[in-house]
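Here the protein sequences come in this chain order: C and U. Just so you know, we're using my numbering here: the first sequence kicks off at 177 and counts up by one. Just so you know, we're using my numbering here: the second sequence kicks off at 5 and counts up by one.
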Amino acid sequence: MNVSYSWLKDHVDLQGITPEEVAKALTFAGAEVEGITRMASGTNLVIGQVLTCVPHPDSDHLHILTVDEGSFGTFQIVCGAPNARQGLKVIVARVGAKLPQIEIKASTIRGVESNGMCCSLLELGVDPKFLSEYQKAGIEELPEDAPVGETDVLGYLGLDDAVLELSLLPNRPDLYALENVAKEVGCLFQRKVTLEEVKDVPTVFPSCEVGSETKGCTLFCARVVKGVKTHESPKWLQRLLSASGIRSINNVVDIGNYVMLLTGQPLNMYDADKLPLASLIVRDDLEGDFVAMDGQTYKLQEGDLVVTSDGKPMCLAGIMTAEACMVDENTKNIVVEAAYFEGAPIRHTSNRLGLVSDSSQRFCKGVNPHQSEYVQCLTSELLVRLCEAEEVGETVLFDVIDHTPHRLDVTLDYVNGRLGTSFTLGQVSETLLRAGFVNVVEGKTLHVTVPPQRIDVDGKADLTEEVIRILGYENVPSTLPTLSLCLTGLTPKQKAERSLRRHLTYSGLDEVVTYTLQSKQELEYFNYLTKAEAYVLQNPMTVEREAVRRNLAHSLLSLASYNANRQAKSGRFFEVSDIDAIGVQGRHLCVVFFGDRPVRPGEKASPYDYYDAKGVFDSIMESLSIQLGRYQLAPWSLGGEEMHPYQTAEVRLGKQLLGYFGTLHPNACKRYGLKNAVLLELDLDALLGIKVSPIKAKAPSRFPFVERDLALLVPTKVDYESLRKELLRADPLIVSVDVFDLYQGEGIEEGYRSIAVRLTLLSEEKTLSEEQVSASVKKALDGVAVRYGAKLRQ
Amino acid sequence: MEEIVTKALSLRIEALEALSHVQDEKGLEEFYVQYLAKKGLIPGLMTLMREAQDKAAFGAAVNSARTDVTAKYEEKKQVLAKAKLEAKLASERIDLTLPGQPCLPGRVNPYRLVIDEVVDLFLDMGYEVCEGRDVETDKFNFELLNVPKDHPSRDMQDTFYFGDDYLLRTQTSAAQAHKMLEMERKRPIRMIAPGKAYRRDDDDMTHSHQFAQIEGLVVDKGISLAHLKATLELFAKKMFGEKREIRLRSSYFPFTEPSVEVDVSCFNCGGKGCAMCKGTGWIEILGAGMVNPRVLEACGYDPEEYSGFAFGVGVERVAMLRYGIDDIRRIYQNDFRFLKPFSIK
């Protein structure tokens with residue numbers, strides 16, 4: 177909403193208040209002024225008259241002028257405008273003038289001295305949309321009676337206005353009316369407000385009927401005005417409209433826009449002679465084509481509010497008139513409509529058809545339904561005054577709106593309690609009155625009447641807002657609440673997650689955050705963990721982001737790819753994120769490694785591999801105190817060409833897949849343009865849901881332990897964990913088994929590999945003798961020999 | 005003086021003289037063999053005892069020679085050992101400036117740094133942390149928050165829909181409704197809910213279709229705007245510096261009444277006006293207000309008995325302001341070069 181400062185000044189006393197001060201006050205009171213634009217600007221301007229005009233000897237288009245600048249004297253100016261001629265009155269920017277784009281200096285143009293510049297309005301910063309092609313092509317031609325020597329050129333032109341650009345929030349649709357902005361400004365500065373004084377014109381018996389057959393229209397008010405003459409609007413009206421961002425069309429249309437800007441009530445005008453019947457009925461059950469005044473055809477459907485005459489659509493209610501009955505230069509008789517349409521149907525139709533107008537925007541946001549009679553009177557008076565209307569019909573009205581003023585009761589305690597203030601009853605009452613809320617004080621209660629334009633105010637909390645926004649939020653004291661003592665803080669699960677994130681960070685992994693939305697195709701990538709149906713957007717913005725991801729692997733690998741493409745040689749990072757799919761609310765942890773492990777100078781580089789993921793996985797389980805046994809690791813069984821089939825482990829909790837980790841399949845590496853990558857993704861919710869036994873301390877044995885190293889030849893198909901378990905099982909004295917060397921190849925039988933392990937033996941009761949140790953080791957060897965065919969390497 | 009005694013005395017002098025010329029451990033070893041070992045010259049003197057007439061004087065001379073030389077020898081031995089160690093250490097000189105064994109902690113995306121810090125601040129104030137969901141229902145995202153269907157304020161937030169009822173939440177305020185409804189006996193609430201939100205905005209330097217907010221909610225008897233103001237003042241000081249002040253501007257959110265925008269005095273220029281605050285001295289950081297009585301009522305709290313305040317902090321906005329990030333998209337790109345300075349706090 178653009179508000180002309182000078183128009184505002186017509187309605188509220190702004191003596192000594194600058195546009196900037198108005199803007200600041202409005203902004204703090206809840207109507208943000210996003211900017212202030214001057215209609216035009218320029219210093220050192222003067223009205224001059226061209227005394228002589230001769231062609232420049234050295235140019236085919238420049239002229240040399242001598243210009244009379246009144247008391248300043250006569251100056252020579254070189255001018256390039258095609259319309260420069262002797263006798264013309266012009267705007268001169270004198271030497272030293274500052275225009276929006278340039279600063280004027282004395283200069284020599286192709287050998288001829290030039291002291292100043294004759295200006296076009298474009299050069300003074302006037303928006304080109306308000307200028308004719310002729311005005312844009314040359315210098316501005318001032319009327320013959322323009323006073324030479326006048327320095328208040330912008331004032332003379334009526335271009336000394338400033339436009340406040342209001343960015344209105346949905347709670348203040350009333351401020352789409354200049355009158356209400358004036359009231360608001362008057363209230364904030366405690367200045368006198370003068371509204372348009374309406375003298376109704378004499379009316380004759382009406383010659384039109386109106387009605388509504390839909391809930392979408394609860395008020396329809398019309399007047400038939402005859403014998404209007406269409407022509408150009410007076411200058412003051414043109415200026416006022418252009419300052420408000422609306423182009424002047426003709427006097428009839430301009431009056432409609434003027435009244436809308438002033439009162440917030442959109443008007444519609446019909447050419448009465450083009451209506452099939454002298455009847456306007458609002459309906460919402462029409463289907464078929466509608467040709468609007470923009471020449472386009474729109475398909476109507478049930479629910480669209482349409483103003484009909486003899487069953488034919490004459491107007492897409494509140495949005496746009498039909499071409500068939502629009503007002504044009506030949507129009508003589510008109511019907512003026514001031515109606516109230518519900519915002520919802522207008523919004524639906526407007527959105528569906530992509531058709532937005534000043535009128536539809538106002539209806540969508542909410543229009544004051546209590547002023548139609550006032551609006552009609554105002555319009556009639558203007559039509560008589562500016563369009564020489566001959567005859568005005570009485571108002572015809574369909575109205576099922578309750579116009580009883582809205583009353584609210586509020587107590588002083590409520591106001592002060594909600595705001596934390598200690599205002600007096602008098603202050604509150606007076607402040608509300610300033611904002612137009614007439615009120616009566618009874619005890620500590622105020623009986624408040626809401627002004628009709630404030631359709632947003634519907635509860636006593638709203639009144640507290642009125643009080644504080646007018647008196648200023650700086651009047652709110654600052655007091656920390658005293659809160660009752662109770663147990664709060666992070667839940668155990670939140671704590672565990674936070675520790676886990678910290679653990680990973682301190683382990684050297686970067687924590688990242690990526691987008692939730694991905695393409696439908698990407699949904700199928702790494703689709704192992706959360707397989708429920710994905711949420712797919714009804715109204716995506718792009719195909720790249722149309723569904724909610726069900727895993728993090730693709731996002732993180734894409735991130736690896738992004739960085740690899742920017743010369744990153746390696747990376748290790750993780751993300752913890754919510755996962756939503758239909759019927760599933762979960763949380764995943766994903767870790768990605770790519771490239772080489774960090775090394776010191778001189779050390780050999782080695783790429784990240786499966787064991788990096790396993791190391792992270794083991795450390796996660798360790799930090800959560802979940803022991804192997806509570807979960808199982810199994811070889812990859814899920815197929816696909818995303819994970820390496822022989823270098824990926826599934827983490828299972830019984831039948832439930834808890835996650836997986838391993839090396840990326842070469843084909844998947846190719847998809848992301850990575851040489852190598854290692855991935856881990858876990859269902860964090862499930863993981864953190866595993867119950868762990870509380871920590872139990874154990875006193876260390878008083879006796880020394882004994883270590884025995886064994887080099888075992890083990891068939892290659894036997895995995896280390898099976899071997900380890902079997903060795904541990906052999907004898908209770910064996911308390912731990914640790915692998916320290918692996919070898920396969922020359923000197924080792926085909927089908928076998930050498931696994932060197934260290935057994936630790938310990939008794940809680942005595943120092944172990946050599947015989948006891950040997951007996952235990954023998955048991956262990958026998959056990960793995962029988963179970964797995966492992967033997968001692970000779 | 006008997007000659008033999010003189011001999012003992014001069015052997016002492018000779019030995020000490022020889023010892024002073026010893027340069028290294030090998031020389032010291034040779035010295036020891038020559039003078040102090042069992043068959044060395046000094047113990048060898050004792051064989052002459054019987055030749056001595058004044059046995060006491062001779063004995064004393066030999067003993068003093070042995071004691072003195074041994075003491076000096078030990079002294080020398082220590083000096084040489086120390087020198088040897090010094091030399092060894094010197095030979096172990098390394099380049100102190102080479103990179104260390106890699107064990108740096110990872111970087112943390114500024115988005116997470118801000119969330120963790122704000123959450124910690126409110127945890128310290130006795131708030132609890134609630135977690136909302138990305139996919140919400142129309143009821144929780146809009147209706148319970150006083151945004152009925154066709155309400156004009158729905159236009160403020162262009163929403164991603166999955167159908168009539170399901171959508172990506174447009175604000176973390178949805179967590180308010182969840183919390184209030186799940187409180188069995190309607191007890192006081194003080195919670196903070198960090199989370200993601202989504203709007204149909206084109207991604208550019210300052211807009212992102214995905215962003216994060218931290219929602220705060222306090223509901224109790226007698227909660228007022230003054231409580232909100234003090235809480236946010238504390239927040240501004242902790243996040244942006246002790247000297248910061250805040251100011252409230254009237255605004256509108258359907259779920260609060262009154263609603264305010266909160267500005268913090270510019271931490272770049274201290275309020276004098278600079279490019280960061282566009283010359284105003286103030287920077288907008290969050291939206292807040294008193295919980296709309298309609299929201300309380302819809303969520304089962306009697307607005308005549310309870311009141312509350314709520315606020316929503318834009319995580320990326322805070323991160324961008326604090327760290328001077330020029331483009332919101334950088335946060336989601338996770339370019340390693342960008343993440344480099346963001347270490348864990």
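Built from N, CA and C at the ideal position, the CB exists for glycine as well. These numbers were taken from a predicted model, which means no experiment stands behind them.
Query raised in the report: Mind pulling the alpha helix (DSSP H) runs of 4 or more residues that sit fully within the segment 765-818 of chain C?
Result: 786-799
Query - chain C residues whose Cβ lies nearer than 8 Å to that of residue 107/U - result: 684
Query raised in the report: Going along the chain, which residues of its own chain have a beta-carbon closer than 6 Å to the beta-carbon of residue 118/U, five neighbours each way excluded?
Result: 319, 322, 323
Query raised in the report: What residues from chain C crowd round residue 264/U, counting only those whose CB sits closer than 7 Å?
Result: 649
Query raised in the report: If you measure from the beta carbon of residue 245/U to each beta carbon in chain D, is any gap under 8 Å?
Result: Among the protein chains of the structure shown, namely C and U, there is no chain D.
Query raised in the report: Can the beta-carbon of residue 294/U be found less than 8 Å from the beta-carbon of residue 265/U?
Result: no
Query raised in the report: Cα separation between residue 877/C and residue 787/C?
Result: 33 Å
Requested in this report: Determine the burial state of residue 62/U: buried for a count of at least 16 other Cβ atoms within 10 Å of its Cβ, exposed for fewer.
Outcome: buried
Report task. Measure from the C-beta of residue 918/C to each C-beta in chain U and report whether the shortest distance is under 8 Å. Result -> no
Query raised in the report: Going by alpha carbons, who is nearest to residue 203/U out of 212/U, 305/U, 197/U?
Result: 212/U
Query - Same chain, Cβ closer than 7 Å to residue 207/U, neighbours up to 5 away in sequence not counted - result: 213, 333
Requested in this report: Compare the C-beta of residue 305/U with all C-beta atoms of chain C and state if any pair is closer than 8 Å.
Outcome: no
Query raised in the report: Is the CB-CB distance between residue 617/C and residue 595/C below 8 Å?
Result: no
Report task. Mark residue 871/C as exposed unless 16 or more other C-beta atoms lie within 10 angstroms of its C-beta, in which case mark it buried. Result -> exposed
Requested in this report: Pull up the CB-CB distance for residue 514/C and residue 404/C, whole angstroms please, since I reckon it's below 8 Å.
Outcome: That belief does not hold up - the Cβ atoms of residue 514/C and residue 404/C are roughly 17 Å apart, past 8 Å.
Query raised in the report: Does DSSP put residue 891/C in a helix, a strand or coil?
Result: strand
Query raised in the report: Would the segment 895-910 of chain C and the segment 837-856 of chain C be scored as touching if the rule is three or more Cβ pairs under 8 Å?
Result: no
**Report entry** Chain-ordered residues of the segment 322-347 of chain U with a beta carbon less than 8 Å from chain C
**Finding:** 335, 336, 337, 338, 339, 340, 341, 343
Requested in this report: Quick one: which residues of the segment 287-304 of chain U get their C-beta closer than 7 Å to a C-beta of chain C? List them in chain order.
Outcome: 294, 296, 297
Query raised in the report: Cα separation between residue 559/C and residue 431/C?
Result: 7 Å
Query raised in the report: Between residue 112/U and residue 329/U, is the Cβ-Cβ spacing less than 8 Å?
Result: no
Query raised in the report: Could one say the Cβ of residue 442/C lies closer than 8 Å to chain U's Cβ atoms, at least one of them?
Result: no
Query raised in the report: Which parts of the segment 208-274 of chain U are runs of the alpha helix (DSSP H), unbroken and 4 residues or longer, counting only runs that do not cross its ends?
Result: 229-244
Query - Best match in 60/U, 120/U, 100/U for proximity to residue 218/U [C-alpha to C-alpha] - result: 120/U
Report task. May I ask you to list the residues that DSSP assigns as paired with residue 265/C? Result -> 225/C, 318/C
Report task. Identify every residue that forms a DSSP beta bridge with residue 756/C. Result -> 761/C
Query raised in the report: In terms of residues, what are the limits of the beta strand (DSSP E) holding residue 929/C?
Result: 928-937
Requested in this report: Entirely within the segment 303-349 of chain U and at least 4 residues each: give me those alpha helix (DSSP H) ranges in chain order.
Outcome: 319-327, 333-337, 340-343
Query raised in the report: On the three-state DSSP scale, how would you describe residue 165/U?
Result: strand
Query - Chain-ordered residues of the segment 93-107 of chain U with a beta carbon less than 9 Å from chain C - result: 102, 103, 104, 105, 106, 107
Query raised in the report: By the criterion of Cβ-Cβ separation under 8 Å, what are the contact partners of residue 138/U in chain C?
Result: 692, 724, 754, 756
Query raised in the report: Is the Cβ of residue 66/U closer than 8 Å to any Cβ of chain C?
Result: no
Requested in this report: Taking residue 185/C as the reference, give the member of 338/C, 282/C, 333/C, 280/C with the closest Cα.
Outcome: 338/C
Query raised in the report: Would residue 267/C be called buried (16 or more neighbouring beta carbons within 10 Å of its own) or exposed?
Result: buried
Report task. Using a Cβ cut-off of 8 Å (strictly closer), state whether residue 182/U contacts chain C. Result -> no
Query raised in the report: Of all Cβ atoms in chain U, is any one closer than 8 Å to the Cβ of residue 532/C?
Result: no
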